[in-house]
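**Q** Quick note on numbering: the UniProt record's numbering labels position 437 of the sequence shown as 437, and the sequence is numbered without any gaps. Using N, Cα and C, we set each Cβ at its ideal position, and we do this for glycine too. First the structure, then my questions, so here it is.
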Amino acid sequence: MIEVSILDGIAQSFFIYFGIIVVYNFIFGNTGVKNIVYSLILLLILSLIGIFLGDITSFFLALGMIIRERRKPKINYYHLNVFLMLLSSQIVVLALAAYFSRGLLYLFLDLHQIADLSTHSHLFTGVEIVTMCIIDLLALQFGHVMIKRYAGSLDISNDGEVNKHLFTILLAVFGSIELLLLISNFQGVTATIQLTLLLTFVLMLGLISWQALETTRVYILQKKVATEKLQNEQLDNYLKSVEHQYLELRKFKHDYKNLIASLNAQNDIGEIKDYLTDYTNSKAFKITLNDGSIARIQHLKNDTLRGLIVQKFFYAKQCDVKLNIEIGDTDFYLSHGVATAMRIVGNLLDNAIEQAILMADRAVTVAFNVIENTSEISISNSVGSDFDQHKLFETGYSTKGSNRGLGLANVQELVEQQHGFYMEIESTKGYVTMSLIITEDN
């Protein structure tokens, strides 16, 4: 071990964690004054703790980050993964910088023992910090090139399932690196052997990472193809719905012509009033007016989502269920997770419509709301007295009978897997409202 002064130790710890925090904040756009002040305080604390705990400081930093995420309503595994990658990389960079600095000083100062470096601790610390910064810059440049190469085919920021598995792998890698360095220090392993072990480990890790990267890229491409297929199916359903609306419009035009012709044939005002009263009370006239209310879906700016709502509107009509669509004057647009949102909303609407068939109140309401950076899709319908909110998302449970609850169980899984998706359930006085809440990243 090389004995360094307290000031050297503070400087060393400061630059180790400075790179991690700066890059992390830059990636996620945390550049506000509050975040800068918080980062400086955290850097100061880590620099002081690092003097006494050494390499173990990184372990407590990772543990604190995990605890911080777990306190949130939903763990953001993507943020944790980026942090663990930065932390693990910086630990390896620090070790490589230390070995390089030792070799450089041995060569130029003609030293023979590691203890001799303690007399040049200031110089050693300075060379180590400079070397670490150079390696960091080279690593950032390499990372930038890789991001540009895989930017179009490897975006997993919103894929909760992939990020959750990746978190387990990165946590194991971080623990392995920490364990390797700690055992080497406690057992007094020579620098040459320690460097050999570390380089071997890094090489193996690089090969495994490359293979995992290619596997993930293929998975993302397959998922993208599946999403496009689903969107094409929804678009096809939308076009069929438009065709259906066109036919309904032709029927209304035909009825309108018949109405005008009948009025022209009438001479008695009383008979004309009776005819108009009978016609406006007819089922055909009411259905035509109800069809016209769907025009408000023009505010849904996602074509596939709009097609889904049109499809469910006519499905509800076939089931003799009234689907009320509530959309404000503000355009409703989802910037991410559209395919997942469609699967969730589709499942919830199917369940609500099929439940409404069994109820006296055969109506379902779907509402779209936007508040700042949060979008909300709410679906309300009446339920029976045996409705149990706590069992709603259990596999097999359904308000429609046994073995019909797989759809709602899948909804819960989809919400948990998609970043920024949350589900709220509210039941009161024989009605239940399920709300899908989607937060947009700043």
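Determine the contact status of Q318 and E161, defining contact as a CB-CB distance below 9 Å.
**A** No; because the gap between Cβ atoms is not below 9 Å, this pair is not in contact.
**Q** Using the DSSP secondary-structure output, state which residues sit across from residue 455 in a beta bridge.
**A** Not covered by the structure: residue 455. The range shown for the chain is 1 to 442.
**Q** Could you give the DSSP three-state label for K322: helix, strand or coil?
**A** Residue state, collapsed to three classes: strand.
**Q** Does the distance from the CB of L84 to the CB of L171 come in under 9 Å?
**A** Yes, the Cβ-Cβ distance between L84 and L171 is below 9 Å.
**Q** Find the nearest neighbour of N381 within the set Y431, Y77, H419, judged by alpha-carbon distance.
**A** Minimum Cα distance to N381 is reached at Y431.
**Q** Residues bridged to E426 by DSSP?
**A** E426 pairs with T433.
**Q** Locate the alpha helix (DSSP H) running through L107, then write down its first and last residues.
**A** 77-109 is the extent of the alpha helix (DSSP H) around L107.
**Q** Rounded to whole angstroms, what is the Cα-Cα separation between A341 and E372?
**A** If you take the alpha carbons of A341 and E372, they lie about 19 Å apart.
**Q** Quick check: is the beta carbon of L349 nearer than 9 Å to any beta carbon in chain B?
**A** Among the chains in the structure shown there is no chain B, since it carries only a single protein chain.
**Q** Tell me the rounded alpha-carbon separation between Q90 and F174.
**A** Distance between the alpha carbons of Q90 and F174 is about 11 Å.
**Q** In this structure, does DSSP put F387 in helix, strand or coil?
**A** Coil at F387, not helix or strand.
**Q** With contact counted as at least three CB pairs below 8 Å, one residue from each stretch, are the region 49-56 and the region 25-41 in contact?
**A** Result no; under three Cβ-Cβ pairs closer than 8 Å.
**Q** Terminal residues of the continuous alpha helix (DSSP H) containing D8?
**A** Here the alpha helix (DSSP H) through D8 covers 6-27.
**Q** Which same chain residues, not among the five before or five after S435, have their C-beta less than 6 Å away from its C-beta?
**A** These residues qualify, in order along the chain: E376, S378, E424.
**Q** For L300, which three-state DSSP category applies?
**A** It is a strand residue.
**Q** Check whether the Cβ atoms of L198 and A62 lie closer than 9 Å to each other.
**A** Going by C-beta atoms, L198 is not nearer than 9 Å to A62.
**Q** From the DSSP secondary-structure annotation, give me the bridge partner or partners of residue 447.
**A** For the chain, the structure presents residues 1 to 442; residue 447 sits outside this window and is missing.
**Q** Considering only the alpha carbon of each residue, which of N347, I357, N324, D329 lies closest to T365?
**A** The candidate whose alpha carbon is nearest that of T365 is N324.
**Q** Among F387, E233, S13, whose alpha-carbon lies nearest the alpha-carbon of K429?
**A** Out of F387, E233, S13, F387 has the C-alpha closest to the C-alpha of K429.
**Q** I think L300 touches F368, with their Cβ atoms under 8 Å apart; what is that distance to the nearest whole Å?
**A** Yes, L300 and F368 are in contact; Cβ-Cβ is about 7 Å, under 8 Å.
**Q** Ignore the nearest five residues each way along the sequence and tell me which others in F100's own chain have a CB closer than 7 Å to its CB.
**A** Excluding sequence neighbours, F100 sits near T131.
**Q** Just verifying my parser: in three-state terms, what is the DSSP assignment at S335?
**A** Three-state result, S335: coil.
**Q** Need the endpoints of the alpha helix (DSSP H) that N35 sits in, please.
**A** Per DSSP, N35 belongs to the alpha helix (DSSP H) from 33-53.
**Q** Considering only the beta carbon of each residue, do Y17 and L46 sit closer than 9 Å?
**A** Yes, the pair counts as a contact, with Cβ atoms nearer than the cut-off.
**Q** Suppose the cutoff is 6 Å on Cβ atoms and the five residues either side in sequence are ignored; what does the same chain contact list for N290 look like?
**A** Low per-residue confidence applies at N290: pLDDT is 47, beneath 50, and the placement is therefore not dependable enough to give any value.
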